[in-house]
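Just so we're aligned, residue 4 is where the sequence shown starts under this note's numbering, counting upward by one.
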Amino acid sequence: EAAALPGFDGHEQVWLGRDTERGLEAIVAVHTTVLGPALGGTRIWPHVTFAAGVTDALRLSRGMSFKSAIAGLALGGGKAVIIADPRRDKTPAMLEAYAEMLNALVGQYITAEDVGMTLADADFLAERTPNVSGTTRGGSGNPSPFTALGTFLGLKAALRHRTGSDDLKGIRVAIQGLGSVGWGLAKRLHAEGANLIVSDLDPARTQRASVELGATVVEGQEIIAADVEVFAPCALGGVLSAATIPLLQAKIVAGAANNQLATVTDGERLRERDILYAPDYVINAGGVINVAAEIGSGRYSLDDVMARVSQIPSTLTRIFERAAQEGRTTDDVAETMAREIIEAARR
Ligand code: NAD
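Structure follows, in structure tokens:
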């Protein structure tokens with residue numbers, strides 16, 4: 004029956020946690036623990052159905068396995084989803100109930116920030132459970148600047164692969180979502196002379212980008228059809244689909260959002276349109292690389308983190324080249340590479 008769940012990929016474990024009094028409805032999905040404990044953030048999001056939350060957790064945790072494997076980390080893949088509106092339903096009582104759930108999973112799953120879960124929430128959890136990373140309380144802190152840096156370097160690698168140069172001067176980039184990562188990416192691109200087109204649900208964020216970065220602001224789905232060289236999805240997943248791919252004018256998709264492809268076929272759709280896609284879990288690994296540095300026996304080292312993040316472009320280039328040689332999609336090649344690493348460790 005589990006195999007019939009959308010997003011199920013031989014996951015080792017799926018945990019459900021419900022505490023109606025304290026408003027918790029959580030799913031923790033552990034995809035693999037072959038390389039190490041399953042690490043992945045907690046997403047707090049008001050999924051309309053429970054099944055949609057489960058699918059989200061299943062897909063995100065699988066992505067985490069591949070992300071850590073490709074980044075060369077001794078970590079497995081996991082992810083949690085709390086079905087709730089972070090602005091309305093995220094109460095201390097709910098987070099306390101969640102910390103209790105995490106305490107039952109010691110050694111299996113370690114959480115961190117994700118959409119809807121802030122650094123302050125991670126710190127709150129860290130007072131109640133050891134199963135949380137990316138905190139300011141003795142942890143590695145906010146992963147987002149490292150994700151933004153890795154995405155920036157990866158975007159440049161895609162540009163170099165596509166055009167032979169990674170000079171950003173005058174290059175038009177559309178950024179969907181100006182949150183922790185999107186904003187960091189926008190600042191770096193602007194500093195190197197790129198012209199930005201941006202969208203966000205929060206008008207204060209787009210207004211700031213307009214004033215501080217000279218960005219052009221567009222509404223809603225217009226960002227997808229923007230006349231740009233690069234489209235950088237930095238909001239939620241599922242943005243590349245049968246409905247949106249025909250609208251893209253960009254020849255490169257390189258952004259930080261997880262699960263950008265709505266379905267596997269969408270990778271093929273991009274290839275058919277000759278759009279170079281930087282697989283999400285490869286380009287956005289900066290955050291997990293930083294978090295991983297606080298786990299295990301070693302001491303956190305910023306130099307080691309920077310060295311690993313700076314390998315993201317060469318990893319992407321290997322994927323782009325192998326995909327071109329073998330006539331495959333980049334996400335297919337990335338998945339093969341990740342599975343090869345996990346299977347080698349399993350053996
Ligand atoms: P965030 O919550 O700080 O920012 C997301 C932003 O996107 C918000 O400003 C929100 O208003 C905006 N947004 C949401 N829906 C939108 C839409 N339809 N159109 C335009 N804007 C929209 O999240 P974040 O930490 O910046 O993460 C962004 C993405 O990157 C997520 O998919 C996340 O899973 C992924 N990611 C983040 C990290 C990290 O280190 N934070 C690491 C890896 C992957």
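Ideal Cβ positions, reconstructed from N, Cα and C, are used throughout, including at glycine.
Here the structure is a predicted model, which means the values were calculated and not measured.
**Request:** Could you check the C-alpha separation between isoleucine 226 and glutamine 210 for me, to the nearest Å?
**Result:** Within the sequence shown, numbered from 1, the residue matching residue 226 stands at position 223. Within the sequence shown, numbered from 1, the residue matching residue 210 stands at position 207. Computed Cα separation, rounded: 15 Å.
**Proximity winner among Asp269, Gly182, Pro236, Val37, relative to arginine 208 (alpha-carbon distances)** = To locate residue 208, count along the sequence shown from 1; it is residue 205. Out of Asp269, Gly182, Pro236, Val37, Gly182 has the C-alpha closest to the C-alpha of arginine 208.
**Item:** Reduced DSSP category for histidine 50 - H, G, I as helix; E, B as strand; rest coil
**Value:** Locating residue 50 in the sequence shown gives position 47, counting from the first residue. Reduced to three states, the DSSP call for histidine 50 is coil.
**Request:** Run the proximity test for glutamine 179: is its beta-carbon closer than 7 Å to any non-hydrogen atom belonging to the ligand NAD?
**Result:** For this step, residue 179 is matched to residue 176 along the sequence shown. Flag set: Cβ of glutamine 179 near the ligand NAD.
**Item:** Contact the segment 139 to 154 vs the segment 183 to 194: 3+ CB pairs below 8 Å
**Value:** yes
**Message:** What I want to know is whether the C-beta of aspartate 124 ends up closer than 7 Å to one or more non-hydrogen atoms of the ligand NAD.
**Reply:** Position 121 of the sequence shown holds residue 124. No.
**Asked** Expressed to the nearest angstrom, what Euclidean distance is found between the alpha-carbon atoms of alanine 100 and alanine 125?
**Response** The count along the sequence shown starts at 1 and reaches residue 100 at position 97. The count along the sequence shown starts at 1 and reaches residue 125 at position 122. For alanine 100 and alanine 125, the distance between alpha carbons rounds to 14 Å.
**Request:** With DSSP as the reference, label asparagine 198 as helix, strand or coil.
**Result:** For the purposes of this step, residue 198 is taken as the residue at position 195 of the sequence shown. If DSSP states are grouped into helix, strand and coil, asparagine 198 belongs with the strands.
**Prompt:** Does the ligand NAD have even one heavy atom less than 7 Å from the beta-carbon of leucine 152?
**Reply:** Counting from 1 along the sequence shown, the entry for residue 152 is found at position 149. Leucine 152 Cβ: outside cutoff for every heavy atom of the ligand NAD.
**Message:** Does alanine 83 pass the burial test, meaning 16 or more other C-beta atoms within 10 Å, or should it be called exposed?
**Reply:** If you number the sequence shown from 1, residue 83 lands on position 80. Per the 10 Å Cβ criterion, buried.
**Message:** Which residue marks the beginning of the alpha helix (DSSP H) containing glutamine 210, and which one marks its end?
**Reply:** Stepping through the sequence shown from its first residue, residue 210 is reached at position 207. 206 to 216 is the extent of the alpha helix (DSSP H) around glutamine 210.
**Message:** Taking the straight line between their C-alpha atoms, what separation do you get for threonine 94 and lysine 159?
**Reply:** To locate residue 94, count along the sequence shown from 1; it is residue 91. To locate residue 159, count along the sequence shown from 1; it is residue 156. Answer to the nearest angstrom: the Cα atoms are 40 Å apart.
**Prompt:** Considering only the beta carbon of each residue, do leucine 61 and histidine 14 sit closer than 8 Å?
**Reply:** On the sequence shown, position 58 is the one that residue 61 refers to. On the sequence shown, position 11 is the one that residue 14 refers to. Cβ distance < 8 Å, so leucine 61 and histidine 14 count as in contact.
**Continuous alpha helix (DSSP H) stretch holding glycine 289: start and end** = Position 286 of the sequence shown holds residue 289. Looking at the DSSP string, the run of the alpha helix (DSSP H) that includes glycine 289 is 289 to 295.
**Request:** Have a look at the DSSP bridge pairing and note the partners of threonine 114.
**Result:** Within the sequence shown, the letter at position 111 stands for residue 114. Answer is Val135, bridged to threonine 114.
**Request:** Pick out the complete alpha helix (DSSP H) segments inside the segment 37 to 108, 4 residues or longer, and give them in chain order.
**Result:** 53 to 73, 95 to 106
**Asked** Considering valine 285, what are the terminal residues of the alpha helix (DSSP H) in which it resides?
**Response** On the sequence shown, residue 285 is found 282 positions in, with the first residue counted as 1. 283 to 286 is the extent of the alpha helix (DSSP H) around valine 285.
**Asked** Given valine 294, which residues of its chain have a CB within under 7 Å of its CB, disregarding the five upstream and five downstream residues?
**Response** Here residue 294 corresponds to residue number 291 of the sequence shown, with the count starting at 1. Correct list, in chain order: Leu42, Ala115, Ser136, Gly137, Ser143, Pro146.
**Item:** Beta-carbon proximity check, glycine 196 vs glycine 167, cutoff 8 Å
**Value:** As a working note, residue 196 is residue 193 in the sequence shown. As a working note, residue 167 is residue 164 in the sequence shown. Not closer than 8 Å, so no.
**Request:** Grab the span of the beta strand (DSSP E) containing valine 233 for me, first residue to last.
**Result:** What you label residue 233 is simply residue 230 of the sequence shown in a count that begins at 1. Per DSSP, valine 233 belongs to the beta strand (DSSP E) from 233 to 236.
**Prompt:** If you draw a straight line from the C-alpha of leucine 152 to the C-alpha of valine 312, how long is it?
**Reply:** Here the question's residue 152 lines up with position 149 in the sequence shown. Here the question's residue 312 lines up with position 309 in the sequence shown. In a straight line, the C-alpha of leucine 152 is about 8 Å away from that of valine 312.
**Message:** Contact between the segment 260 to 272 and the segment 236 to 247 is defined here as three or more beta-carbon pairs at a separation below 8 Å; is this criterion met?
**Reply:** yes
**Message:** At the level of alpha carbons, what is the spacing between leucine 27 and leucine 162?
**Reply:** On the sequence shown, residue 27 is found 24 positions in, with the first residue counted as 1. On the sequence shown, residue 162 is found 159 positions in, with the first residue counted as 1. The straight-line gap from Cα to Cα measures roughly 43 Å.
**Message:** Nearer than 7 Å: is that true of the beta carbon of aspartate 92 relative to any heavy atom of the ligand NAD?
**Reply:** By 1-based counting over the sequence shown, the position of residue 92 is 89. Answer for aspartate 92: no, Cβ out of range of the ligand NAD.
**Request:** Answer yes or no: the CB of valine 308 versus the heavy atoms of the ligand NAD, is any distance below 7 Å?
**Result:** For the purposes of this step, residue 308 is identified with residue 305 of the sequence shown, where counting begins at 1. Not so, every heavy atom of the ligand NAD lies at least 7 Å from the Cβ.
**Item:** CB-CB length for isoleucine 47 against glycine 119, believed under 8 Å
**Value:** As a position in the sequence shown, residue 47 is number 44, starting the count at 1. As a position in the sequence shown, residue 119 is number 116, starting the count at 1. Confirmed, Cβ separation roughly 3 Å.
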